[in-house]
Every structure is written in structure tokens, then in C-alpha cells.
Amino acid sequence: MKVLIVKTSSMGDVIHTFPALQDARRARPDIAFAWCVEEAFAGIVALHPAVGTIHTVAIRRWRKHLFDKATWREATALRRALRACRYDLVIDAQGLLKSALVARQAKAPIAGFDRSSAREPSATLLYDVGHAVPRNLHAIERTRRLFGQALGYRPDLSILDSGIVPPPGNLTGIAGNTAFLLHGTSREDKKWPVEDWIETGRLLVERGMTPVTTWSDEREQAVAEAIARAVPSTSIVPKSPLADIAAILGSSRLVIGADTGLTHLASAFGLPTVAVFLATEPGLTGPRGPYA
1406 MKVLIVKTSS MGDVIHTFPA LQDARRARPD IAFAWCVEEA FAGIVALHPA VGTIHTVAIR
1466 RWRKHLFDKA TWREATALRR ALRACRYDLV IDAQGLLKSA LVARQAKAPI AGFDRSSARE
1526 PSATLLYDVG HAVPRNLHAI ERTRRLFGQA LGYRPDLSIL DSGIVPPPGN LTGIAGNTAF
1586 LLHGTSREDK KWPVEDWIET GRLLVERGMT PVTTWSDERE QAVAEAIARA VPSTSIVPKS
1646 PLADIAAILG SSRLVIGADT GLTHLASAFG LPTVAVFLAT EPGLTGPRGP YA
């Protein structure tokens, strides 16, 4: 049996799907899994050993160039690739209209959340089967229940296993007893003040740890440099491919992060993780793991 998972974004949402995939991998070893994801997160999906084929979309980029011929060529190529694989089932684990539209391109039966459970009820008009999953559950548990209903097994919710390990990486020049500070996040209301990051860095140094931080744009770079000026032992990892950051993250002794994808990745790796939530409900979307 061939099953396509559609969970295109964001990074945290993609990572929240890994425990469901790990459940399915154990319960249904007869299934070959593929995944359709935003191009920026393909490297994250590749961390899970149960994923064979990865199809990438570029919805974020396509929206900016909707009338370009290149956009339509890429979208057409995706549709052809999905249909050529002849999937037996598609699971839309996102529950949005955009993900449902992607799922339809595979021309296979689609399972997803039912109208009362989906984030966007209109998406369910494109499904063949909708499954009821309470909306007041954590995103990880919701997805695990969805996969169980769609594939015919009961997940053991007392066990949480993301099924991924950190990729190998070279930490040359960075001390071993590191604490990774993940200050960058996409929304202003999720950002912790730089003064609090500086104070956290100082406390870590007092406890014999080396703060490490990184950045992905100019504003985040300014914050990283401010932390390093105030806490001179801080190491700054420059903007790097996601796989490289994941490797360095996986070698850390401690991770302290805002509500951002890399914080969820640290938790999925089983690392001691402290998440700073300011604008969202951690009981529904916060990191879950043995040390989170």
C-alpha cells in the first residue's frame, strides 16, 4: 500500500506529525509512505526513516508569482509526479483548503479531519472520508488519532516517539557543553525581549555552559550580535542550511527557544528543551518530549 501524507508547513506542524508517522510505521509495516511538503522543509521530512518519496511544493513562493509561467510549470510538474506514483490513499494532516487542494492533485482517495475537526471546514469538501478528532487536544495527539482512524489501528498514546535522530555534524570551534538559544521566530508577538536572552546567557555561563545562537535574517542577526556583545563567550552560528543547524542543535546539551520550528525539532530529538511561549497556547501546540 502506498500512502501520501500532505503536511506542507510550518516546520513545527511538520515535526508534530512525526509521532503519528512513527505509530503508523509500527502498526502498518506494509505501507510505503511519501510526503508532500514546502520546499524549505524537505530536509526536515527527510530526517524520518519511514519517508521514501518527498514531493515539494512552493506555495509561499508561488503566491508571489501567481501569473508567472514558471509557477504553473512547477505546479503542473508536481501534479504529474503525484499522479504517476498512483497512491492508494492520501492523508491531509493539515486540514486547510490549500493542503486539501494539494491532496486532490494525487487523484487518490483522501482522508482527513471531519468538518467539526478541521482547521478550515471548507477543506473537508474535498475529502472522501472525514474523521472526528476533538479540537481541544494537542496537535500531536490529534494527528496520531487521525492516522490511526485513517489506517485502521489504535495508537498507544502512552508512548511518544518522533522516530528521528539528529544528523551528524561538525562542531569545530564550538565548545561541547553548549546551550542553544533560539531567539528567532516569525511573529513579533512570539519574540522574547533581547534583555531576557542576555540574562539567560549570563546565567548559563555562570553554570559552566557555552551559549550558542544563530540567525536567519538581518533582524535576527542584530539580536544574536547583541547577545554576543553582552555575553562574550557566546558563539554565533551564521545563517546556514537547515540540515547544518539541525546537526549543531542535536549536539547541544540544552535548548532554550521561542515558539519556533527549531525548538520543536530539539524536543523531537529528545533534547532537554525549554520553550518560551508568549502568544500561543503550549497545551495545544507546545513541544512534547521526554525533556520538554
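For the sequence shown, the positions run 1406 to 1697 when the working numbering is used.
For each residue, glycine too, the CB sits at the ideal point set by N, CA and C.
Keep in mind the model is a prediction, meaning the values are calculated, not measured.
Do A1482 and I1496 have their beta-carbon atoms positioned less than 7 Å apart in this structure?
no
7 Å Cβ cutoff met for S1521 and P1424:
no
P1646 by DSSP, collapsed to three states: which one?
coil
Completely contained alpha helix (DSSP H) runs for the segment 1626 to 1676, where each covers 4 or more residues:
1647 to 1655 and 1666 to 1673
Could you tell me the alpha carbon to alpha carbon distance between Q1510 and C1490, rounded to whole angstroms?
11 Å
Nearest-angstrom Cα distance between R1524 and I1603?
37 Å
Does G1417 come out as helix, strand or coil in the three-state DSSP assignment?
helix
Taking just the CA atoms, how far does L1647 sit from S1527?
33 Å
Sort P1571, H1543 and R1550 by Cα distance to V1450 and report the nearest one.
P1571
If E1443 and I1464 are in contact, beta carbons under 8 Å, what's the gap, nearest whole angstrom?
7 Å
Applying the criterion that 16 or more other CB atoms from any shown protein chain within 10 Å of the CB defines a buried residue, is F1472 buried or exposed?
exposed
Distance between beta carbons of I1420 and A1627, contact taken as under 8 Å
About 27 Å; that fails the 8 Å criterion.
Quick one: measure Cβ to Cβ for A1684 and R1592, integer angstroms, because I've assumed they're closer than 8 Å.
7 Å
Does chain D have any CB closer than 7 Å to the CB of R1431?
The chain labelled as chain D is not found in the depicted structure, where only one protein chain is given.
Rounded C-alpha distance that separates I1564 from R1430:
14 Å
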